Every structure is written in structure tokens, then in C-alpha cells.
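Visitor: The letter at position 36 of the sequence shown is residue 36 when you use the numbering used here, and the numbering goes up by one with no holes. For each residue, glycine too, the CB sits at the ideal point set by N, CA and C. Bear in mind the structure is a predicted one, so any value in this text is a computation, not a measurement.
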Amino acid sequence: MDPLSSEQTAAYLAYIGVSRPRAADLASLQLLIEAHIERITFENVDVLLYRPIELDADSLFSKMIERGRGGYCFELNSLFARLLEALGYRFRLRMARVRRGVAPDTPLTVKQHLVLIVELPEGEYLVDVGFGLANPYLPLRMDQSAASADNPYVLRPLEGSHYWRPGTLELCVRGREDWVPLYRLEMEDHYWFDTKVFNWYMSTHRDSVMQRLLMVGRSDGDTRLTLFNGSFRRRARHAGYDAVEKREITDADELLSVLQNEFRLRLCPEKDVQPLRARLGSLLQGSCSK
Numbered sequence: 001m002d003p004l005s006s007e008q009t010a011a012y013l014a015y016i017g018v019s020r021p022r023a024a025d026l027a028s029l030q031l032l033i034e035a036h037i038e039r040i041t042f043e044n045v046d047v048l049l050y051r052p053i054e055l056d057a058d059s060l061f062s063k064m065i066e067r068g069r070g071g072y073c074f075e076l077n078s079l080f081a082r083l084l085e086a087l088g089y090r091f092r093l094r095m096a097r098v099r100r101g102v103a104p105d106t107p108l109t110v111k112q113h114l115v116l117i118v119e120l121p122e123g124e125y126l127v128d129v130g131f132g133l134a135n136p137y138l139p140l141r142m143d144q145s146a147a148s149a150d151n152p153y154v155l156r157p158l159e160g161s162h163y164w165r166p167g168t169l170e171l172c173v174r175g176r177e178d179w180v181p182l183y184r185l186e187m188e189d190h191y192w193f194d195t196k197v198f199n200w201y202m203s204t205h206r207d208s209v210m211q212r213l214l215m216v217g218r219s220d221g222d223t224r225l226t227l228f229n230g231s232f233r234r235r236a237r238h239a240g241y242d243a244v245e246k247r248e249i250t251d252a253d254e255l256l257s258v259l260q261n262e263f264r265l266r267l268c269p270e271k272d273v274q275p276l277r278a279r280l281g282s283l284l285q286g287s288c289s290k
């Protein structure tokens, strides 16, 4: 993984509004996560426009810090990993299999999500700034088996099966009535150079959900804003992400306005807005016809 330069690191911290931490500790890590997910949006606009997704440091820095765009999990967690590395944190990469929106009896889903395992004196922590809907807003201990008033997440170990080794961890968020599975972590660490393969599949293959749906998410204080095609939601994160505002958007221009205002995406009028308007119109028409 190619590192950020000292100048890029300073600009990144300034962009998310955080001073350089004095120590690579747990308190600073939580501050960095919260600042990142408020300032840098989860979005897959470039994937929908069939643009190549580059994961080198310069491309990620240019897109998200200089141009004011967001990215999806491979981009967001790759950029954040480089920031942590520049600040002296030790971490490993891990892949996950998404379970959100998957039928409970589905035995297996593809590896499609990148996360970080950060090593601290207090233990190992799951760190993820790239999950669209219910993005964890704090580092989670790998033995985080109980939720609390200000933390609606648990990592629960699964029993062994034909598909899962005993002890496989599933990240869940507290729902209205029960726990909602988000993803299952692979037990083996992941090599950086393999990330290009998973990124290529998720950003180009016709079976990838990223090719079929507009998916956007940003944290705003104690709420999480999400957009799935034209379905806009504002959710209260401490209450298990119950929706406190729901809105269905059926017009492409209104959707563009939401992207730029609610989600703070800087879209170039010629390069982004014009082609995206046509793509969004097609997605909205498809949603209405179902």
C-alpha cells in the first residue's frame, strides 16, 4: 500500500477538521472515525457512470480530499488506512461478506467489503468508515458482544457450519425488534494487492449491486443520512438506526440536489451532473416500474 505524503496527511486532517493526534491511541482513533464519516460521503456515483475506480494514494486523495467527492468501501477504507499508517497506527486488512438486505436462509455471499483491524494496547478493534447504511461510528472491540446506550453494535460469534468456521464474527446493529446482521468477517487477514481484484469485481461486474443501485450515506451528528436510488432516509444512530425522516424522490434533478446539499458532494456540472442526470433518470424509472 503506497503511503500518503506528509503534505497529503496534513491536508486530509484539515479537510476533516481534526488536528494531528499526539498519540496513536483509542481516543484519537474514535475522533478520526467520527470526523471522517461526517465529512467524506459513502457513494458509488463513479461506479454507476462506469468509470474506473483507482485505489492508489494519489487518486484517492485527489478524488475525496481535493475534489470533494466520496467513494465506496474500497476507496474509503483504503484512504483511511493510509491516514492511520501515517499517524503511526498498526492495522491489518480483512474482507467481509455483506448480509444486510440478504435473505436469512442465503448460505453464502461473495467477499465484497473491506474493513480494518486496528491493533491497540487495549486490544484489537474493527474499524470501518466505508459501510453505507449503518456505518459504525466508533472503533469496535473484536470481543464487542454487548451493546450499550451509545453503541448499538455487537460482534457475535457464529456456530460452525458447512460455510462458516466456529467463531466467525457477524457485525449486527440493534433494530426495532431484533438484531440486524450487516456483514460477516473473514477469519483470515487480507493482502493489500488482492484488493484490486475485489475492487475490480465490485465496480465493473454486472452482478455487483454497485452497478445497479445508487447507494449514498453520510453521518450528520447523531443521525445517518442514506439514499438508495430515490429512497432518502434520516436515521437516529443511537436508536438502532430507526428512520426519523422518510422521503421518496422520483425526479432526477431533485435527486441531484439532494446529493449536492444533503450529502455535500461536489459534482462537476459537465463531467458529473450531465451524465449522472441521465443515469439517475434510468434508475428511478426502473424503481417505479417494479
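Identify whether H190 lies in helix, strand or coil by the three-state DSSP scheme.
Guide: Correct three-state label for H190: strand.
Visitor: Any heavy atom of the ligand GTP inside 6 Å of the beta-carbon of F228?
Guide: Questions concerning the ligand GTP fall outside what the structure shown contains, since it holds no ligand whatsoever.
Visitor: Just grab the DSSP bridge partners of W179 for me.
Guide: R174
Visitor: So what's E270 in DSSP terms, helix, strand or just coil?
Guide: helix
Visitor: Helix or strand or just coil, what does DSSP make of Y259?
Guide: For the record, residue 259 in the displayed sequence is Leu; it is not Tyr. Helix at L259.
Visitor: Leaving out the 5 sequence neighbours to the left and right, which residues in its chain are closer than 8 Å to W192 when beta-carbon positions are compared?
Guide: M1 and L93
Visitor: For a quick check, are the C-beta atoms of T41 and R218 less than 7 Å apart?
Guide: yes
Visitor: By DSSP, does A10 sit in helix, in strand, or in coil?
Guide: helix
Visitor: Between G130 and E75, what straight-line distance do the alpha-carbon atoms span, to the nearest angstrom?
Guide: 8 Å
Visitor: Would you call the stretch 44-51 and the stretch 262-281 touching, i.e. three or more CB-CB distances under 8 Å?
Guide: yes
Visitor: Name the DSSP bridge partner or partners of G337?
Guide: Because the chain is modelled from 1 through 290, residue 337 falls outside the range shown and cannot be assessed.
Visitor: Entirely within the stretch 184-232 and at least 4 residues each: give me those alpha helix (DSSP H) ranges in chain order.
Guide: 195-204
Visitor: Determine the extent of the beta strand (DSSP E) in which A243 is found, giving its start and end residues.
Guide: D242 to E248
Visitor: Can you tell me the Cα-Cα spacing of R234 and E245, whole angstroms?
Guide: Approximately 5 Å, taken between the alpha carbons.
Visitor: Given N135, which residues of its chain have a CB within under 8 Å of its CB, disregarding the five upstream and five downstream residues?
Guide: If we look at N135 and ignore the five residues flanking it on each side, its Cβ neighbours are I37, F42, D128, V129, G217, S219 and R224.
Visitor: Report the residue from L213, C268 and V173 whose alpha carbon sits nearest the alpha carbon of D242.
Guide: V173
Visitor: Mind the definition here: the stretch 56-69 touches the stretch 2-22 only if three or more C-beta pairs lie below 8 Å; say whether that holds.
Guide: yes
Visitor: For a minimum of 3 consecutive residues, which ranges assigned as the beta strand (DSSP E) are wholly contained in the stretch 74-111?
Guide: 90-98
Visitor: Whole angstroms is fine: what's the gap from S282's alpha carbon to S148's?
Guide: Distance between the alpha carbons of S282 and S148: 42 Å.
Visitor: Between M142, L29, T109 and L171, which lies nearest to G88 when the distance is taken from Cα to Cα?
Guide: L29
Visitor: Alpha carbon to alpha carbon, how far is A14 from T106? Give it in angstroms, no decimals.
Guide: Their backbone Cα atoms lie some 43 Å apart in a straight line.
Visitor: What are the start and end residues of the alpha helix (DSSP H) that includes R20?
Guide: In this chain, R20 is not harboured by any alpha helix (DSSP H), its DSSP state being neither H nor E.
Visitor: Whole angstroms are fine: how far does the CA of I33 sit from the CA of R247?
Guide: 28 Å
Visitor: Could you check if Y272 is buried or exposed, using at least 16 other CB atoms within 10 Å of its CB as the buried criterion?
Guide: Before going on, a small fix: residue 272 reads as Asp here, not Tyr. D272 counts as buried, since no fewer than 16 other beta carbons sit within 10 angstroms of its beta carbon.
Visitor: Judging by CA-CA distance, which residue of L84, R264 and V115 is the nearest neighbour of T226?
Guide: Per the C-alpha coordinates, the member of L84, R264 and V115 positioned closest to T226 is R264.
Visitor: DSSP three-state label for A236, please.
Guide: strand
Visitor: Assuming the contact rule is C-beta atoms closer than 8 Å, L169 and Y153 should be a hit. Round their C-beta distance to whole Å, please.
Guide: Their Cβ separation, rounded to whole angstroms, is 11 Å, which puts L169 and Y153 out of contact at 8 Å.
Visitor: Is it buried or exposed for L49, if we count other Cβ within 10 angstroms and need 16 for buried?
Guide: exposed
Visitor: Expressed to the nearest angstrom, what Euclidean distance is found between the alpha-carbon atoms of I65 and R39?
Guide: Going from the Cα of I65 to the Cα of R39 covers about 10 Å.
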